[in-house]
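2 protein chains.
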Amino acid sequence: MNDHDFDRAIQLQADDSLDLSAPSGGLATMRYLAHTSEPYWNAISPFGGTTVALVLNAILQHPQRLGDPLAMTVNFAGPIQKGPMLVEVSPIRTGRSTQHWAMSIRQQGDDSPLLTGTAVFAVRRDTWSDSESRMPAAPPPETLERQTPPANVPFLERYAMRYVDSHPLQGGDSSLTQCWISDLPPRPVDFPSLAAYCDSFAPRLFVRKGAPRPISTVSLSINFHIDGEALANEQCLAAFGRSRANGFYRGYYDQEAVLWSPRGSLLATTHQMVWFRD
Amino acid sequence: MNDHDFDRAIQLQADDSLDLSAPSGGLATMRYLAHTSEPYWNAISPFGGTTVALVLNAILQHPQRLGDPLAMTVNFAGPIQKGPMLVEVSPIRTGRSTQHWAMSIRQQGDDSPLLTGTAVFAVRRDTWSDSESRMPAAPPPETLERQTPPANVPFLERYAMRYVDSHPLQGGDSSLTQCWISDLPPRPVDFPSLAAYCDSFAPRLFVRKGAPRPISTVSLSINFHIDGEALANEQCLAAFGRSRANGFYRGYYDQEAVLWSPRGSLLATTHQMVWFRD
Numbered sequence: 001m002n003d004h005d006f007d008r009a010i011q012l013q014a015d016d017s018l019d020l021s022a023p024s025g026g027l028a029t030m031r032y033l034a035h036t037s038e039p040y041w042n043a044i045s046p047f048g049g050t051t052v053a054l055v056l057n058a059i060l061q062h063p064q065r066l067g068d069p070l071a072m073t074v075n076f077a078g079p080i081q082k083g084p085m086l087v088e089v090s091p092i093r094t095g096r097s098t099q100h101w102a103m104s105i106r107q108q109g110d111d112s113p114l115l116t117g118t119a120v121f122a123v124r125r126d127t128w129s130d131s132e133s134r135m136p137a138a139p140p141p142e143t144l145e146r147q148t149p150p151a152n153v154p155f156l157e158r159y160a161m162r163y164v165d166s167h168p169l170q171g172g173d174s175s176l177t178q179c180w181i182s183d184l185p186p187r188p189v190d191f192p193s194l195a196a197y198c199d200s201f202a203p204r205l206f207v208r209k210g211a212p213r214p215i216s217t218v219s220l221s222i223n224f225h226i227d228g229e230a231l232a233n234e235q236c237l238a239a240f241g242r243s244r245a246n247g248f249y250r251g252y253y254d255q256e257a258v259l260w261s262p263r264g265s266l267l268a269t270t271h272q273m274v275w276f277r278d
Numbered sequence: 001m002n003d004h005d006f007d008r009a010i011q012l013q014a015d016d017s018l019d020l021s022a023p024s025g026g027l028a029t030m031r032y033l034a035h036t037s038e039p040y041w042n043a044i045s046p047f048g049g050t051t052v053a054l055v056l057n058a059i060l061q062h063p064q065r066l067g068d069p070l071a072m073t074v075n076f077a078g079p080i081q082k083g084p085m086l087v088e089v090s091p092i093r094t095g096r097s098t099q100h101w102a103m104s105i106r107q108q109g110d111d112s113p114l115l116t117g118t119a120v121f122a123v124r125r126d127t128w129s130d131s132e133s134r135m136p137a138a139p140p141p142e143t144l145e146r147q148t149p150p151a152n153v154p155f156l157e158r159y160a161m162r163y164v165d166s167h168p169l170q171g172g173d174s175s176l177t178q179c180w181i182s183d184l185p186p187r188p189v190d191f192p193s194l195a196a197y198c199d200s201f202a203p204r205l206f207v208r209k210g211a212p213r214p215i216s217t218v219s220l221s222i223n224f225h226i227d228g229e230a231l232a233n234e235q236c237l238a239a240f241g242r243s244r245a246n247g248f249y250r251g252y253y254d255q256e257a258v259l260w261s262p263r264g265s266l267l268a269t270t271h272q273m274v275w276f277r278d
């Protein structure tokens with residue numbers, strides 16, 4: 001295991017107390033024990049990005065996993081408390097080239113799941129390929145200053161956000177921001193950290209209002225546009241992200257983003273729905 | 001019940017053979033019987049839009065449903081055959097203002113679900129609201145000709161698509177299209193039909209290649225930006241949709257869209273991942 005705090009945050013231990021044998025020829029649900037991370041703690045709950053990365057990691061480690069992540073949706077159903085978590089991932093259906101998953105997170109003392117989600121994995125194959133969403137021209141990350149994060153939000157200390165032509169608290173009519181994202185200390189971008197990057201954008205409400213407000217992500221989806229081999233070959237230590245909202249309406253708003261590698265390869269598109277108070 | 005074919009396509013009959021009583025104070029899983037629709041049949045399977053509308057309708061009809069749809073993701077895991085379907089919806093967790101759901105579709109003779117999904121419903125409340133995604137200027141639908149659909153795809157006969165400045169088989173470097181969408185015969189837009197509209201866009205691969213190709217939607221997500229009362233007040237008989245792809249990569253591409261009411265209210269944003277052969 002890597003010594004990075006992020007790897008510790010998404011660490012999983014197979015739950016040996018369970019019978020993991022699948023029915024003959026069937027697919028096995030796997031249960032893992034995990035633990036919330038102090039370094040990736042948010043204001044009142046874990047950073048959602050590490051939570052998404054954790055359930056993705058559970059599928060990546062499943063012995064019957066087929067292919068690479070293609071699409072995932074995670075719903076934050078209830079407040080995760082500091083402490084141990086039970087992560088369960090179930091292969092629902094496996095085809096020739098795609099595999100469908102359900103996942104959940106539970107904690108002791110709570111009858112209902114605190115997270116539900118689905119994911120599709122797929123074996124990629126050579127076809128005609130083209131990116132329509134091209135990375136905007138941007139100066140390299142090392143030439144830009146790191147945005148100073150607000151105090152008292154531990155997980156923000158684990159990321160360097162370097163903004164181009166925008167500010168996370170700019171205020172005004174547009175929520176569009178563009179920035180380089182990287183781990184602190186640096187860590188090569190893999191699927192779990194890419195998933196976490198998808199939740200690392202400053203909340204669009206803060207961008208519009210020019211200041212923090214109470215918010216809470218309700219549902220987050222990610223589409224992956226690169227396979228594992230190509231992602232490893234990119235050797236990214238950062239991603240470039242463009243994020244915006246489409247609408248704020250009666251207590252909820254959306255946030256969408258596109259992420260590219262430093263070479264300009266399309267990595268992922270993501271969108272979420274967020275509860276807010278103004 | 002409305003006499004429209006669409007209403008028949010999403011019709012549900014509670015499965016009386018099951019004990020629907022929930023554990024004391026608990027939340028009840030509901031099972032419904034449904035049937036694939038001949039009028040909304042696609043080339044080799046049901047039109048995905050009616051399938052999405054069907055599971056959404058099952059939640060809307062659930063006696064313990066709280067609020068309006070906020071976000072949903074549906075994964076098409078296996079081929080639905082013509083005939084009866086078992087639709088199951090389960091309230092996973094209910095908070096003060098949000099409710100989390102899981103849903104599935106099964107058919108007899110198949111052990112695994114053919115569809116899995118999650119949804120979040122929410123009670124809206126008055127807050128600051130603003131749409132950043134504004135509807136482009138477009139001539140009214142009645143001034144534009146209906147795009148003649150290709151023969152032999154029944155569900156396309158149930159929609160009028162009226163394109164603005166684009167063609168669904170335009171070919172070339174851009175997959176961007178803009179069009180009015182309406183039911184044939186006309187039907188007021190409600191949540192189920194809006195969900196179906198989200199899957200009605202010409203596949204972006206066809207737009208890029210200028211001709212049909214084998215494709216199959218794998219996962220589709222919808223974010224709703226309007227509540228039930230406001231949607232009813234819009235009295236929409238059509239929606240304006242703008243759709244595009246971000247990337248085509250090794251066997252899969254994405255398709256995203258924004259939908260507005262004729263008055264310009266933001267209705268929904270949606271995106272899907274699609275398997276393709278070129």
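Respectively, the protein sequence lines represent chains E and G. In terms of full-length UniProt numbering, the first sequence is residues 1 to 278. In terms of full-length UniProt numbering, the second sequence is residues 1 to 278. Just so it is clear, CB atoms sit at the ideal spot from N, CA and C, and this is done for glycine as well.
When the options are compared against residue i, the one with the closest alpha-carbon
| i | options | result |
| --- | --- | --- |
| G:R250 | E:A196, E:D254, E:L70 | E:L70 |
| G:S126 | G:Q107, G:Y197, G:D227 | What sits at residue 126 of chain G in the sequence shown is Asp, not Ser. Ranking G:Q107, G:Y197, G:D227 by Cα distance to G:D126 puts G:D227 first. |
| G:S216 | G:P139, G:A43, G:M30 | G:A43 |
| G:A196 | G:R31, G:Y32, G:V74 | G:V74 |
| G:A122 | G:R96, G:R244, G:S90 | G:R96 |
| G:D199 | G:Y252, G:P150, G:V258, G:A58 | G:V258 |
| G:L12 | G:S219, G:P39, G:V189, G:A58 | G:A58 |
| E:S90 | E:N223, E:L54, E:A28 | E:A28 |
| G:P63 | G:E145, G:A14, G:Y159 | G:A14 |
| G:Q272 | G:S37, G:A102, G:G48 | G:G48 |
Where residue i meets chain E, residues with beta-carbon distance less than 7 Å
| i | result |
| --- | --- |
| G:L70 | V218, Y252, M273 |
| G:T51 | By Cβ distance, chain E contributes nothing, its closest Cβ being about 15 Å from G:T51, past 7 Å. |
| G:W128 | F248, D278 |
| G:H100 | N75, A77, T116 |
| G:S200 | Correct list: empty, because the minimum Cβ distance to chain E is about 19 Å. |
| G:N223 | D254, H271, M273 |
DSSP-derived helix/strand/coil call for residue i
| i | result |
| --- | --- |
| E:Y197 | helix |
| G:E234 | helix |
| G:T51 | helix |
| G:E132 | coil |
| G:V153 | coil |
| E:A160 | strand |
| G:L176 | coil |
| G:V207 | helix |
| E:A9 | helix |
| G:G228 | helix |
| E:S265 | coil |
| G:E256 | strand |
| E:T148 | coil |
| G:S24 | No answer about G:S24 holds up, because its pLDDT of 44 lies below 50 and its placement is not dependable. |
| G:T217 | strand |
| E:T270 | strand |
Within chain G, partners of residue i - CB distance below 7 Å
| i | result |
| --- | --- |
| E:A245 | E132 |
| E:P113 | I92, R93 |
| E:D227 | R250 |
Backbone CA spacing between residue i and residue j [nearest angstrom]
| i | j | result |
| --- | --- | --- |
| E:H100 | E:R93 | 5 Å |
| E:G117 | E:V87 | 11 Å |
| E:R65 | G:D165 | 44 Å |
| E:L231 | G:P84 | 43 Å |
| G:S112 | G:I105 | 9 Å |
| G:S182 | E:A77 | 34 Å |
| G:G109 | G:P212 | 32 Å |
| E:E234 | E:V274 | 31 Å |
| G:A268 | G:P192 | 12 Å |
| G:V55 | E:Q107 | 29 Å |
| E:T143 | E:R187 | 19 Å |
| G:L184 | G:S243 | 21 Å |
| G:A34 | G:I10 | 7 Å |
Under 8 Å from the C-beta of residue i: neighbouring residues of chain G
| i | result |
| --- | --- |
| E:R125 | R250, G251 |
| E:N42 | What E:N42 touches in chain G: nothing, since even the nearest Cβ is about 18 Å away. |
Within chain E, the residues that residue i reaches when beta carbons sit closer than 9 Å
| i | result |
| --- | --- |
| G:S174 | E132 |
| G:N233 | Those do not exist, as G:N233 stays about 13 Å from chain E at its closest Cβ, beyond 9 Å. |
Residues that residue i contacts on chain G, provided the C-beta gap is smaller than 9 Å
| i | result |
| --- | --- |
| E:T269 | N246, G247, D254, E256, H271 |
Chain E contact residues for residue i, given Cβ-Cβ distances below 8 Å
| i | result |
| --- | --- |
| G:A122 | V218, G251, Y252, W275 |
| G:R266 | Per the sequence shown, residue 266 of chain G should be read as Leu rather than Arg. The answer, in chain order, is N246, G247, Y249. |
Legend entry - Whole runs of the alpha helix (DSSP H) within the region 39-94 of chain G, excluding any shorter than 4 residues: 48-60
Legend entry - In chain order, each beta strand (DSSP E) run of at least 3 residues that lies wholly inside the region 94-131 of chain G: 98-106, 115-122
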